[in-house]
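Here the structure is laid out as C-alpha cells; the discussion comes afterwards.
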Amino acid sequence: MAAAMKRRRGTEPEPERGCLRAWAAHSRALVERCTVRHVLYNSLLFTVGASDSVVKGEAEGIRQGLFRVLEACGACGEDLGTEELWEKVLQEVTMEELQAPLHRLGALQAAWWLAASQLGSVAGLFQLLSTAKDLGRAHCSEGQNELLSMIKAWQVPPEEASLPLVQSAKDLKEILCTAAAFLQGLQELEAGNLPAALSLLQEAAGGFCSKNILAQIYTCLGCCAQRMGKPQTALQHLKRALQADFQCLPALSHMATVYHKLGDTDAELQALTLLYEALGKNPPAAASSSPYFLMRTELLVHAPVLTSLLRHHYPSEVKYLLAQRCLQDGRVADAVEHYLDFLSLLQEGLQQQVPMDGSSALPRIPEVFLEAASALEQAGRHQDAITVCEEVISRTTDLIPRVLRVEERLEQTESSLPGAELVGGFLSKKKESMCCLAWRAAGYLQQGWAWAKLGESKEAVTQFSRCLSDLLRVQLHGSGVKQTENLQPEVEVLQKIRLLSLIGRGTQFLELGRNKEALLDFQHSLQISPGDPAAASYLVQTLWKMNRKQEAAAQWLKFSESSPGDDGQQPGQGRPLPLYLVSCLEQAVFPHSESLAGSIQDFLGAATQDTPS
Numbered sequence: 001m002a003a004a005m006k007r008r009r010g011t012e013p014e015p016e017r018g019c020l021r022a023w024a025a026h027s028r029a030l031v032e033r034c035t036v037r038h039v040l041y042n043s044l045l046f047t048v049g050a051s052d053s054v055v056k057g058e059a060e061g062i063r064q065g066l067f068r069v070l071e072a073c074g075a076c077g078e079d080l081g082t083e084e085l086w087e088k089v090l091q092e093v094t095m096e097e098l099q100a101p102l103h104r105l106g107a108l109q110a111a112w113w114l115a116a117s118q119l120g121s122v123a124g125l126f127q128l129l130s131t132a133k134d135l136g137r138a139h140c141s142e143g144q145n146e147l148l149s150m151i152k153a154w155q156v157p158p159e160e161a162s163l164p165l166v167q168s169a170k171d172l173k174e175i176l177c178t179a180a181a182f183l184q185g186l187q188e189l190e191a192g193n194l195p196a197a198l199s200l201l202q203e204a205a206g207g208f209c210s211k212n213i214l215a216q217i218y219t220c221l222g223c224c225a226q227r228m229g230k231p232q233t234a235l236q237h238l239k240r241a242l243q244a245d246f247q248c249l250p251a252l253s254h255m256a257t258v259y260h261k262l263g264d265t266d267a268e269l270q271a272l273t274l275l276y277e278a279l280g281k282n283p284p285a286a287a288s289s290s291p292y293f294l295m296r297t298e299l300l301v302h303a304p305v306l307t308s309l310l311r312h313h314y315p316s317e318v319k320y321l322l323a324q325r326c327l328q329d330g331r332v333a334d335a336v337e338h339y340l341d342f343l344s345l346l347q348e349g350l351q352q353q354v355p356m357d358g359s360s361a362l363p364r365i366p367e368v369f370l371e372a373a374s375a376l377e378q379a380g381r382h383q384d385a386i387t388v389c390e391e392v393i394s395r396t397t398d399l400i401p402r403v404l405r406v407e408e409r410l411e412q413t414e415s416s417l418p419g420a421e422l423v424g425g426f427l428s429k430k431k432e433s434m435c436c437l438a439w440r441a442a443g444y445l446q447q448g449w450a451w452a453k454l455g456e457s458k459e460a461v462t463q464f465s466r467c468l469s470d471l472l473r474v475q476l477h478g479s480g481v482k483q484t485e486n487l488q489p490e491v492e493v494l495q496k497i498r499l500l501s502l503i504g505r506g507t508q509f510l511e512l513g514r515n516k517e518a519l520l521d522f523q524h525s526l527q528i529s530p531g532d533p534a535a536a537s538y539l540v541q542t543l544w545k546m547n548r549k550q551e552a553a554a555q556w557l558k559f560s561e562s563s564p565g566d567d568g569q570q571p572g573q574g575r576p577l578p579l580y581l582v583s584c585l586e587q588a589v590f591p592h593s594e595s596l597a598g599s600i601q602d603f604l605g606a607a608t609q610d611t612p613s
C-alpha cells in the first residue's frame, strides 16, 4: 500500500526512474537528430531564398544545430569557435544516421564562409568532411587549384527517400565549385596574377550558374584578357557575355574601351551608342537558368574588384564619352550634338545621375562646358561658343581669390611633419582655386578666338586681355615650383593658356595694324615658351612687316635650326593638354607661308653677295 501510494505521488523506485530518464534522453536525441536531418538544412535554404542573400547572422543557425548534436551525444562545445566546433562534432559524432545530415550542413557552412571570403576555413572544413581516399584523390591533380580539388573530391551524401530536400547536396556542391573558382579568379585578377585568374575564371565559366552570372564571368574574362594585352580575345569574351545575357551592360562598356585602345573609333562609338540606348530603356527581368535554386552562385561571390568591373554607368556619363570621343576624332558635328544633349541632361538634374565616389568618367562640369564651347567653335557656331564660355566665366568669378600665391614650401611638405593634414587641406584648396582660375581664363581665351573668327578684332583683343589679366593673379614663388608634382599640372595649364592668349592677342594686334604691341606679345610668348614655333614665326613675320629685316632674318635663322614637334610643343616636353584647349592650340598655329620664307632667303642671299670678300 505504501509503495503504491509512493508510485502514485511520482516517487517511483530507483530502477523505474532510471528507465524513464534513459527513455527521455533517447527521445531528446531523436528530436535533435530529426532537427538536423529533416529541418535545419531546408530551413536555412528557405531563409536564404526569402532574403535573397547570405546573411552573416543566419550562420548562427548552423552553430545551434551543432550544439544540439553535441548535447545529444553528451558533449559540449559552447566555448568553441565555429571551426573548432565543426572539428569537434565530426570527430565525436560517429552515428551513421547523422553523417549525411552533417555533410549537408557542412556544405551550407562552406557557402556561408565563401560568401565571407573565408577560403581557408572552407578548405579546412572539406578536409574534415573528406575521407583519406577523397583527400588522396584531391591531391593527385597536379596544377589544379587546391580548394577546388578538395570540393570536387568531397563525396556527396546519398539522398534519403523520406527526406525531401529543397535543394540537393549535389547541386549545392556544383554551386560551391563555381563560386570558389569565380571568387579566387577575382582575387588573382585583383592581385595581378593574370594567368591564374584566367584559368580560374574559365573554370567558373564552365560551372553551374545562371545566365547573368555567366555573363559576369565572361566580362571578367574579357577584362583579364585585355590586361594581358590580348584585345581580340577580350572582345570574344565580352561578346560571349552579351550572348549569355544581353542586359550585361558593363560588357558593352568594356568593349568600347577595348575598341578605343585598338583605335577602332567606329566600333567604339557604336558600342557606346548601344550602351546609351540600353540605359535609357527599362531592363527586362534578369536572365536566369532553370531550375531556380535558393542557394546560388551570385549570393556567394562578393569582391570589390567585381563591383568595380561591373560598375553601373549613367546615361550622362555615356553621353559625355560619345561627345568626347567624337571631338577627339574630329567628328565635330556629332560632338556638338552630343555635348548639347549632355547639357540638356545637366539642366534636368545631372547631379542626381553621377556617382560621387570618383569612379565617374565625367570631368569637372566647367571642363565639359569648355569642351562643348570648343566643339561649337570648330563647327563655326562662334556666337554659341561665346555664350557657353560666358556661363563658365560667370560661375567661377566668385571662386577665385584676388591673389593666388603658390609657394615652394607647401609643395615640399612631408606627410609625416606636424600639421601636414592642415597644410594638405590648404594645398587642396589652393589647387581648387587654380582650377577655377584656369577654367575662367580658358573661357576668355576661347571667347577671344571666337571673336577673332567673327572678324571682331577689337572685341577679341578685349577677351585676350581679360584672360591675361586674370592670370596675373597667380604669383609663383620658389625655384622648386617647376620641379615638384603637386601643382605641376595646374601650373602647366595656366602657362599654356597664357601663351595662347599672347599669341592670339598678337595676331589681332596685327589685324588692327598695331605692330609694336603685337611684337611685344610675341616676344613675351617666347619668354614663356622658348622655341615655340608659332610665337617664333609670328615674331619673324612682325619684324619683317615693321621693315626690321635684319632682325627678322636673324630670328628666322635661329629658329630654323631648332626642330620643334608638330603639335607646337618641344619634343618630349609637357603633358597632354586638356581637350578644351586643343582647338585654341590649333588656331594659334602660324599659317605656313612660303612667300615669307622665300623673301627672307632672298634677303640673306643678297646680303651675302653685298658682303666684301
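Each residue of the sequence shown is one higher than the last, beginning at 1 in UniProt numbering.
By construction, the Cβ of each residue, glycine as well, lies at the ideal position given by its N, Cα and C atoms.
May I ask you to report which of helix, strand or coil DSSP gives residue 548?
coil
Residues in its own chain within less than 8 Å of residue 616 by CB, not counting five upstream and five downstream?
Residue 616 is absent from the model: the chain starts at 1 and stops at 613.
Would you check if the stretch 589–597 and the stretch 528–543 touch, i.e. whether three or more CB-CB distances between them fall below 8 Å?
yes
For residue 166, three-class secondary structure by DSSP
coil
Residue interval of the alpha helix (DSSP H) (run including residue 298)
297–300
Counting along the chain, where does the alpha helix (DSSP H) carrying residue 255 start and finish?
249–262
How should residue 281 be labelled, buried or exposed, when 16 other C-beta atoms within 10 angstroms of its C-beta is the threshold for buried?
exposed
Could you tell me whether the Cβ atoms of residue 67 and residue 74 are closer together than 8 Å?
no
Between the C-alpha atoms of residue 92 and residue 85, what's the straight-line distance to the nearest angstrom?
11 Å
Between residue 502 and residue 557, is the Cβ-Cβ spacing less than 8 Å?
no
Candidates 390, 97 and 498: which alpha carbon is nearest residue 69's?
97
Separation of residue 270 from residue 397, as counted between CA atoms:
39 Å
DSSP three-state call for residue 93: helix, strand or coil?
coil
Whose CA, out of 405, 430 and 442, lies closest to the CA of residue 391?
442
What residue does the alpha helix (DSSP H) around residue 314 start on, and which one ends it?
Premise fails: residue 314 is in no alpha helix (DSSP H) and is neither H nor E.
In this structure, does DSSP put residue 475 in helix, strand or coil?
strand
Counting contacts by CB-CB distance shorter than 8 Å, is residue 443 in contact with chain B?
The question asks about chain B, but that chain is absent: this structure has only one protein chain.
DSSP on residue 602, reduced to helix/strand/coil?
helix
Per DSSP, what are the beta-bridge partners of residue 653 in this structure?
What is shown of the chain runs 1 to 613, which leaves residue 653 out entirely.
Same chain, Cβ closer than 6 Å to residue 524, neighbours up to 5 away in sequence not counted:
502
Residue range of the alpha helix (DSSP H) that includes residue 212
211–227
Would you give the residue range spanned by the alpha helix (DSSP H) that residue 149 belongs to?
146–153
Taking 8 Å as the threshold (C-beta atoms), are residue 203 and residue 181 in contact?
yes
At which residues does the alpha helix (DSSP H) containing residue 240 begin and terminate?
231–244
Starting from residue 335, follow the alpha helix (DSSP H) in both directions and report where the run begins and ends.
332–347
Determine the closest residue to residue 275 out of 260, 504 and 322, with distance taken between C-alpha atoms.
322
Among 240, 495, 151 and 371, which one has its Cα closest to the Cα of residue 119?
151
Residue 505 to residue 364 span [Cα, whole Å]
28 Å
Check this for me: beta carbons of residue 153 and residue 130, under 8 Å apart or not?
yes
Just to confirm my understanding: we take residue 606, look at its own chain, exclude 5 residues before and 5 after, and list those with CB closer than 6 Å. What are they?
none
Less than 8 Å separating the beta-carbons of residue 370 and residue 446?
yes
DSSP state of residue 406 mapped onto helix, strand, coil
strand
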